[in-house]
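Asks: Could you have a look at this structure, given as structure tokens, before my questions?
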Amino acid sequence: DRESQKGCNFSRAMLKDAIFKSCDLSMADFRNASALGIEIRHCRAQGADFRGASFMNMITTRTWFCSAYITNTNLSYANFSKVVLEKCELWENRWMGAQVLGATFSGSDLSGGEFSTFDWRAANFTHCDLTNSELGDLDIRGVDLQGVKLDNY
Numbered sequence: 001d002r003e004s005q006k007g008c009n010f011s012r013a014m015l016k017d018a019i020f021k022s023c024d025l026s027m028a029d030f031r032n033a034s035a036l037g038i039e040i041r042h043c044r045a046q047g048a049d050f051r052g053a054s055f056m057n058m059i060t061t062r063t064w065f066c067s068a069y070i071t072n073t074n075l076s077y078a079n080f081s082k083v084v085l086e087k088c089e090l091w092e093n094r095w096m097g098a099q100v101l102g103a104t105f106s107g108s109d110l111s112g113g114e115f116s117t118f119d120w121r122a123a124n125f126t127h128c129d130l131t132n133s134e135l136g137d138l139d140i141r142g143v144d145l146q147g148v149k150l151d152n153y
């Protein structure tokens, strides 16, 4: 709510295959949630906290896959620190000021995203699709862009 500056509390929740469409998830607490296969589409999630949330299915200690569909969502100032979102559908989101320190987005579709005031050096974006995105202050000299798809300029 507006007075307490807190959103919904999904901390430690089992959100496997949960679907959120056109929801206000601003300031929501998703910390340590089990969120494999979650869908967050056309939502407002400004300031949402995803630290410790798991979007992965561990098959063995060295084999896993991730599944998440977070699309057309405002993720401004959301916290994804140390989150693993590999090979996920993360397109057409607004990432302004999102915290991504230690996160892994390798192989994900981040196309159509808006990345203003965003620290590209803080996370792994190798093999991502960044086409049709507003890349803000991306300095290609300081970020590993191996396998990344970019637009022609």
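Residues in the sequence shown are numbered from 1 upward in steps of one, following this note's numbering.
In this text, a Cβ means the ideal position worked out from N, Cα and C, and glycines have one as well.
These numbers come from a predicted model, not from an experiment.
So, are the CB atoms of ASN57 and LEU90 less than 7 Å apart?
Replies: In the sequence shown, residue 57 corresponds to position 57, counting from 1. In the sequence shown, residue 90 corresponds to position 90, counting from 1. No.
Asks: What are the partner residues of CYS66, as DSSP defines its beta bridges?
Replies: Looking up residue 66 in the sequence shown gives position 66. Answer is MET56.
Asks: Hey, how far is the Cα of CYS88 from the Cα of SER54?
Replies: For the purposes of this step, residue 88 is taken as residue 88 along the sequence shown, with counting starting at 1. For the purposes of this step, residue 54 is taken as residue 54 along the sequence shown, with counting starting at 1. Rounded to the nearest angstrom, the two C-alpha atoms are 13 Å apart.
Asks: If you draw a straight line from the C-alpha of ILE38 to the C-alpha of TRP95, how long is it?
Replies: Residue 38 sits at position 38 when you count from the first residue of the sequence shown. Residue 95 sits at position 95 when you count from the first residue of the sequence shown. Rounded to the nearest angstrom, the two C-alpha atoms are 18 Å apart.
Asks: Using the three-state DSSP reduction, which class does ARG12 fall into: helix, strand or coil?
Replies: Working through the sequence shown from its first residue, we reach residue 12 at position 12. DSSP places ARG12 in coil when its eight states are reduced to three.
Asks: Short of 8 Å in beta carbon distance, which residues of its chain neighbour SER26, apart from the five on each side in sequence? Order them along the chain.
Replies: For the purposes of this step, residue 26 is identified with residue 26 of the sequence shown, where counting begins at 1. If we look at SER26 and ignore the five residues flanking it on each side, its Cβ neighbours are GLY7, ARG44, ALA45, GLN46, GLY47, ALA48.
Asks: Would you tell me roughly how many angstroms separate the C-alpha atoms of GLY204 and GLY113, rounded to the nearest one?
Replies: Outside the displayed range of the chain (1 to 153) lies residue 204, so it cannot be described from this structure.
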